[in-house]
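Numbers 2 to 316, taken from my numbering, label the letters of the sequence shown in order. Taking it in order: structure first as structure tokens, then the write-up.
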Amino acid sequence: VDLSTTIAGVKLPNLLLNASGVNCRFENELQQLVESKSGSLITKSATLNSREGNPEPRYAPLAGSIGSINSMGLPNQGYEYYLNYAKNFDYNNTAGKPLFISLAGLSLAENKTMCEAFRDANLPCVLEVNFSCPNVPGKPQVGYDMEAMEQALQVLDPIIGRPFGIKLPPYFDIAHFDQAAAIFNKFDNVVFVTCINSVGNGLAIDLDSETALIKPKDGFGGLGGLLVLPTALANVNAFYRRLKPGKQVIGCGGVTSGKEVFLHILAGASAVEIGTQLMEEGTGVFERVQKELVELMTAKGYKSVEEFRGKVKTL
Ligand code: RRO
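Structure (structure tokens):
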């Protein structure tokens, strides 16, 4: 069974990787991903300057293993740390894993500076520009402002000057799928979108203590895990149906086992990121999920993901 895939012209030995934000802020965490059975790895979204992020507790799993809530607030080491990591990365590593770099500037000017620095370094890593952080007070998500998103791409696309991707928030209206896809279809270098970032600004409350689970923003935070799976699948499929040929979708959201990876591929995903489950289980998740996916494909008689990618049936 072949689980390999190609994203932005770069080959991944298997289609699984971490969701940006999980286990990827520090070099030792990134090294764990290198040593895991993931097919690739992506760094924590970077800003121009390093950030401590919001006060703790800022991540909590939800009761019943239905998902998680977070308001991390973009804790990261600053883009130069990840640029340096990318410069020293062994692109010929034995596992053949490519490196993705996530950028989440707090302004267009920040994104511009970071993209210029990565362009000048001319490295074989792939950029995923995050337009969907829900957790920085006073900074609305660019992905929910269609005009701002198009303006940002008009500036960043020519700077990056080669294939890259965008991390999107979940959309909940067909008109928004149409508008967002029409924008991405104008930019030839935008070759993938990653759907979805966390479902922004949920509120999880503990019944016994009658208290919010996380401290920042009066307990409001982004939701991930199994409870967002149908929203993630809808966004993957909506963009799979709308994007021009040559553009791909990376699925993210609700993956706990090989079963949900299979569903993401059926919806149209070319690669699949794991967030909450990686946070809860650690990097062993990649070996387990891969094994489950291979077993499921074998039982169904599929030998490669191309045989069923995007082939979800409708009634
Ligand atoms: O750091 C965060 O709070 C965070 C980010 Br940048 C993001 O894109 N998505 C998320 O759920 N949390």
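We treat Cβ as the ideally placed atom computed from N, Cα and C, and that holds for glycine.
Does the beta carbon of L42 come closer than 8 Å to any beta carbon on chain B? In the structure shown, chain B does not exist; there is a single protein chain.
Tell me, please, which residues DSSP counts as bridged to T7. According to DSSP, T7 bridges with K12.
beta-carbon M115 near the ligand RRO non-hydrogen atom, thresh 7 Å: Within the chosen limit of 7 Å, the ligand RRO does not reach the beta carbon of M115 with any heavy atom.
When you compare only the Cα positions, how much space is there between R26 and L42? Taking the straight line from one Cα to the other gives about 12 Å.
Sufficient close CB pairs (3 or more, under 8 Å) joining the region 152 to 161 to the region 209 to 223: Fewer than three Cβ pairs drawn from the region 152 to 161 and the region 209 to 223 lie within less than 8 Å of each other, which leaves the two stretches out of contact.
So which of H177, L124, Y83 and N136 has the shortest CA-CA distance to M150? Looking at the Cα atoms, H177 is the closest of the given residues.
Over the uninterrupted beta strand (DSSP E) stretch that includes E111, give me the two end residues. Here E111 belongs to no beta strand (DSSP E); instead the alpha helix (DSSP H) covers L109 to A122.
As a quick exercise: from K292, G166, A205 and V290, pick the residue whose alpha carbon is nearest that of F240. Ranked by how close their Cα comes to the Cα of F240, the residues K292, G166, A205 and V290 have G166 in first place.
Hey, which unbroken runs of the alpha helix (DSSP H) at 4 residues or more fall wholly within the region 140 to 194? 147 to 161 and 175 to 185, all fully within the region 140 to 194.
Between the region 220 to 237 and the region 79 to 93, can you find at least three pairs of beta-carbon atoms closer than 8 Å? The region 79 to 93 makes no contact with the region 220 to 237: fewer than 3 CB pairs, one atom from each, lie closer than 8 Å.
Report yes if the C-beta of P58 is less than 7 Å from at least one heavy atom of the ligand RRO; otherwise report no. Distances from the CB of P58 to the heavy atoms of the ligand RRO are all 7 Å or more.
Can you give me the start and stop residues for the beta strand (DSSP E) that F101 sits inside? Counting along the chain, the beta strand (DSSP E) containing F101 begins and ends at L100 to L104.
CA-to-CA distance, G269 to K301, given in whole angstroms: About 18 Å.
Looking at the unbroken beta strand (DSSP E) that takes in G97, where does it start and where does it end? Here G97 belongs to no beta strand (DSSP E), and DSSP marks it neither H nor E.
Considering only the beta carbon of each residue, do F287 and S103 sit closer than 8 Å? Their beta carbons are not under 8 Å apart, which means F287 does not touch S103 by this criterion.
T105 Cβ short of 7 Å to the ligand RRO heavy atom set: Correcting the residue type first, residue 105 is Ala in the shown sequence and not Thr. The closest heavy atom of the ligand RRO lies less than 7 Å from the beta carbon of A105.
On the three-state DSSP scale, how would you describe E53? If DSSP states are grouped into helix, strand and coil, E53 belongs with coil.
I need the straight-line Cα distance from A61 to Q278, nearest angstrom please. A61 and Q278: Cα-Cα distance of roughly 12 Å.
Just how far apart, CA to CA, sit N15 and M298? N15 and M298: Cα-Cα distance of roughly 14 Å.
Going by alpha carbons, who is nearest to E57 out of S51, G68 and M73? Looking at the Cα atoms, M73 is the closest of the given residues.
With 16 other CB atoms within 10 Å as the buried threshold, where does Q155 fall? Classification of Q155: exposed, given that the 10 Å Cβ count is below 16.
If distances are taken between C-alpha atoms only, which option among V143, V250 and T7 comes closest to L267? With distances taken between Cα atoms, L267 lies closest to V250.
Residue(s) in a DSSP beta bridge with I43: The bridge partners DSSP lists for I43 are F101.
Where does I266 sit, in a helix, a strand or coil, going by DSSP? In the structure shown, I266 sits in a helix (DSSP, three-state: H, G or I).
Burial state of I275, where buried means 16 or more other Cβ atoms lie within 10 Å: I275 is buried by the Cβ-count criterion.
Among residues of its own chain, excluding the 5 on either side of A182, which ones have a beta-carbon nearer than 8 Å to its beta-carbon? A distance below 8 Å between beta-carbons, with the five flanking residues on each side excluded, links A182 to the following residues of its chain, in chain order: A239, F240, R243 and L244.
Based on DSSP bridge pairs, tell me the residues matched to Y60. When DSSP reads this structure, Y60 sits in a beta bridge with N71.
Leaving out five residues before and five after G54 in sequence, what residues of the same chain have Cβ atoms less than 7 Å from its Cβ? Within the same chain, Cβ atoms closer than 7 Å to the Cβ of G54 are found at M73, G74, L75 and P76, the five residues on either side in sequence being excluded.
What is the rounded straight-line gap between the Cα of G106 and the Cα of L316? Each residue's Cα considered, the two are about 42 Å apart.
How big is the Cα-Cα spacing for K312 and F263? Inter-residue distance for K312 and F263 is about 11 Å (C-alpha atoms, whole angstroms).
Exposed unless 16 or more other CB atoms sit within 10 angstroms - verdict on L13: When all chains shown are included, L13 counts as buried.
Check: C196 C-beta below 7 Å from any heavy atom of the ligand RRO: Checking every heavy atom of the ligand RRO against the Cβ of C196, none is found closer than 7 Å.
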